[in-house]
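Numbering (our numbering), first residue to last: 223 to 862.
For glycine and all other residues, C-beta sits at the position ideal for the given N, C-alpha and C.
Working notes, beginning with the structure itself.
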Amino acid sequence: MTLLLTYTAIFFFIALAAKKIGSWFSAVGLPYITGYLLAGMVAGPFILDLLPSDATTTLRYIDEVSLGIIAFVAGSELYLKEIKSRLRSIGLISGGVLFFGLILGGTALFFLTEFISFTQGMEVTSRLAVAILGSIILLALSPASTIAVIKEVRAKGPFTRTLLGVTVTMDVVIVVIFAIGVAIAGALLGGSGFNLTLLGVLAIDLTAALIFGYMVGRGLDMILGAPFHRLVKTVLVVLLGYGVFVLGYGIIQWSYEYLPFEVHIEPILVAMIGGFVVTNYTNHRDQFESILHDVGPIVYVAFFTLTGVAIKLDILMATWPVALALFVVRMISIGLGSFVGSRAAGEPIGFQKNVWLGLITQAGIALGLAREVAVEFPELGDAFATMVISVVVLNEIFGPLFCKVALRRAGEANLPVAANPDEVRDAVILGVEEQSLALARELQSHEWQVVLADTDASHVERLAAEDLIEKHIPAIDEATLRGLLGNGADALVAMLPDDADNYRACEIAYEKFGIKRLVVRPNDISKWGEKFQELGALLVNPASAMVYLLDQSVRTPQSTSIVLHQGTKREMLQITISNPDVDGMLVRDLRLPADVLFLEVDREGQSIVPNGYTRLLTGDEVTLLGQVESLADVRLKLGY
């Protein structure tokens with residue numbers, strides 16, 4: 223017990239340093255995971271020797287806690303309602319990658335075992351076991367890394383949805399195949415070979431994993447639904463993830479002592495199924511995702527740092543040529559498999575050529591499975607894990623870079639320089655003066671494209687030194703406004719000094735160009751107010767608007783702070799639903815950030831106060847309240 227506490231205390235400080243090093247790596251564009259691994263290697267027995275070689279065995283509980291959470295996260299990413307429209311493509315691409323990956327990767331690894339130090343001299347059956355386990359693990363992908371890249375480049379579209387669906391699906395399938403591979407490798411390393419008993423045990427193992435996984439999902443459902451404090455729920459979720467591993471190893475030991483065969487229930491598969499059940503078949507999906515989001519950073523630091531400590535640098539140095547060869551073989555097999563699968567699915571040729579680039583990322587699940595092999599098969603031990611880790615590091619470094627290239631080539635990376643013109647918010651402001659200039663800059667700060675126009679040429683000339691798009695229009699008529707509004711403008715703001723011009727502009731915009739978002743600052747509201755309202759225009763009368771703001775400031779100061787952007791990071795945003803995958807979904811099924819609130823749904827001019835069971839349709843205008851960063855993520859999911 224003293225040794226456990228000592229190693230835990232030392233590891234705690236190493237993990238703190240690793241977190242800082244990871245942030246430095248991230249700041250220069252490298253994966254933070256690489257920083258964690260490096261910190262662990264430096265602190266390990268081969269350099270600073272802050273933790274001796276036996277420390278990873280003593281600290282095994284940290285691995286098990288971390289793997290439980292990582293598996294929960296992987297299971298929660300497989301959200302059926304989000305990928306159902308792309309299931310055929312996802313299934314065919316995943317199948318193609320698995321087919322070519324297992325054949326090419328397994329064959330290459332089998333022949334490479336003659337050159338790997340810890341496999342030289344092994345029997346053929348043992349080398350075959352290494353090839354089976356290695357080829358399976360190396361096909362694991364990284365949903366977390368893929369999601370991070372998608373958010374970074376603001377990607378959305380069918381290519382993006384398919385890519386993420388394949389990434390998540392592959393991890394689930396790999397864990398299932400890994401459970402089968404462990405049973406086969408156990409038979410090969412134990413010398414028992416293949417027989418009908420092995421097939422029966424495999425069936426028992428997988429059936430038991432499904433049953434226990436469902437029970438874990440229901441256990442999570444009970445925890446999340448209980449009237450406990452959030453911190454208590456978080457602790458119980460972490461303990462349940464750890465308990466899955468304790469129970470899994472306990473069943474193996476019990477079956478070894480009391481049954482004629484050994485029952486092996488793969489803990490990662492059990493935890494993954496539990497996360498899948500909570501996400502798809504309970505009412506606590508958002509709460510579960512929020513808890514995982516909170517504990518995730520701590521778990522990743524601990525897991526990857528301890529993995530770095532366990533890396534055997536002598537093996538790493540000896541196997542780097544093998545790692546490079548496996549890295550290349552893995553890319554080739556993913557390229558072939560994804561091309562054949564996407565071609566069979568009938569995807570466009572550009573899709574077929576680029577999808578493989580998005581499937582190179584690798585991280586948590588692969589490292590977790592490698593650590594599982596080290597525990598299950600001591601004869602392979604940390605040497606096997608080190609070989610796998612060396613390949614994973616290469617994939618984690620180059621994978622995100624390749625993924626960015628794939629999303630850009632697919633035309634779905636919505637960076638400012640490459641935004642889709644159809645989904646850029648455009649506003650035309652008529653009237654050049656101090657308030658219209660301020661409005662234009664505020665809209666630009668929220669990524670709107672703004673054009674300022676005026677019938678007075680002298681007003682427009684004043685904008686020559688400003689970083690704004692300005693146009694002089696000789697008159698307010700359909701021909702003139704076509705150049706401003708005919709390319710799909712989203713809003714017209716009329717601030718001309720003549721209300722007759724303002725009304726004519728709104729009338730043309732509404733009747734000829736279908737622009738419904740009309741905002742007017744009238745000069746004589748008593749004369750023109752009713753006419754503007756008949757067009758459906760929003761009237762902003764400076765005098766009454768100031769009184770209203772003051773009134774709201776007294777009665778509801780928090781709402782006024784949001785409108786005026788004072789003392790709060792929250793704001794309101796209106797989004798047009800344009801993502802076809804969202805069409806027909808319930809609000810409760812969207813998996814939005816926990817800090818985003820639906821305020822209103824506008825459907826063909828009818829206002830709807832939404833609840834969890836409100837069904838969204840393409841073309842709906844939804845108003846949301848939330849943190850700026852979260853609203854940006856929601857816009858990528860829903861539309862523009």
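At a Cβ-Cβ threshold of 8 Å, residue 225 and residue 280 count as neighbours.
Put simply, of 391, 386, 426, 388 the residue whose alpha carbon is nearest the alpha carbon of residue 405 is 426. Counting the other CB atoms within 10 Å of its CB gives residue 626 a total of 16 or more, which places it among the buried residues. The beta carbon of residue 286 is closer than 6 Å to those of 464, 467 in its chain, skipping five residues each way along the sequence. Between residue 673 and residue 706, the CB-CB gap stays under 8 Å. In this structure, residue 607 lies near residue 593, with their beta-carbon atoms less than 8 Å apart.
Less than 8 Å separates the beta-carbon of residue 387 from that of residue 312. Distance from the Cα of residue 341 is smallest, within the candidate group 239, 602, 400, for 602. When secondary structure is reduced to three states using DSSP, residue 694 falls in the strand class.
By the criterion of a C-beta distance shorter than 7 Å, residue 326 is surrounded in its chain by 551, 554, 555, once the five residues flanking it on both sides are discounted. Of all alpha-carbon atoms in 825, 718, 816, the one lying nearest the alpha-carbon of residue 851 is that of 816.
Setting aside the 5 residues that flank it on each side, residue 308 is surrounded in the same chain by 383, 384, 387, each with a C-beta closer than 6 Å to its C-beta; the list follows chain order.
For the 8 Å CB-CB criterion, residue 714 and residue 795 do not form a contact. The beta-carbon separation of residue 577 and residue 315, rounded to 7 Å, stays under the 8 Å limit for a contact. Here residue 560 is buried. Its C-beta has 16 or more other C-beta atoms within 10 Å.
As a beta-bridge residue in DSSP terms, residue 675 pairs with 652, 693. In the three-state DSSP reduction, residue 816 falls in the coil class, being neither helix nor strand. Residue 724 sits close to residue 716, with the two beta carbons spaced by under 8 Å. Annotation: the continuous beta strand (DSSP E) that includes residue 792 extends over 792-798. For residue 351, the CB contacts under 6 Å within the same chain, skipping 5 residues up- and downstream, are 407, 410, 411 in chain order. Inclusion of residue 701 and residue 728 in the CB contact set at 8 Å is not warranted, their separation being larger than that value. The residues 236, 240, 526, 527, 528, 529, 530, 531, 532, 533, in chain order, have a CB closer than 8 Å to that of residue 262 in the same chain once the five nearest residues on each side in sequence are set aside. Between the stretch 294-309 and the stretch 389-402 there are three or more inter-stretch CB-CB distances shorter than 8 Å, so the stretches are counted as touching. Excluding the 5 residues flanking it on each side, residue 621 has same chain C-beta neighbours closer than 8 Å at 364, 367, 582, 583, 584, in chain order.
By the C-beta density criterion, residue 496 is buried, having at least 16 other C-beta atoms within 10 angstroms. Counting only residues of its own chain and dropping the five nearest sequence neighbours on each side, residue 323 has a CB closer than 8 Å to the CB of 357, 360, 361, 552, 555, 556, 559. Going by DSSP, residue 852 is part of no beta strand (DSSP E) but of the alpha helix (DSSP H) stretching over 850-860. Counting every other CB atom within 10 Å of its CB across the protein chains shown gives residue 799 a total of 16 or more, marking it as buried. Taken atom to atom, the span from the alpha-carbon of residue 515 to that of residue 296 is near 12 Å.
For residue 809, no alpha helix (DSSP H) segment is defined, and its DSSP state is neither H nor E.
Cβ contact annotation for residue 818 (same chain, cutoff 6 Å, sequence separation greater than five): 846, 848, 852, 856, in chain order. Bounds of the alpha helix (DSSP H) holding residue 469 are 452-480.
For residue 648, the closest alpha carbon among the candidates 665, 635, 633 is that of 665. Counting only residues of its own chain and dropping the five nearest sequence neighbours on each side, residue 634 has a CB closer than 7 Å to the CB of 377, 378, 379, 381, 382.
A Cβ-Cβ distance of about 5 Å is found for the pair residue 842 and residue 825, placing them in contact under the 8 Å criterion.
Residue 713 is bridged by DSSP to 649, 739.
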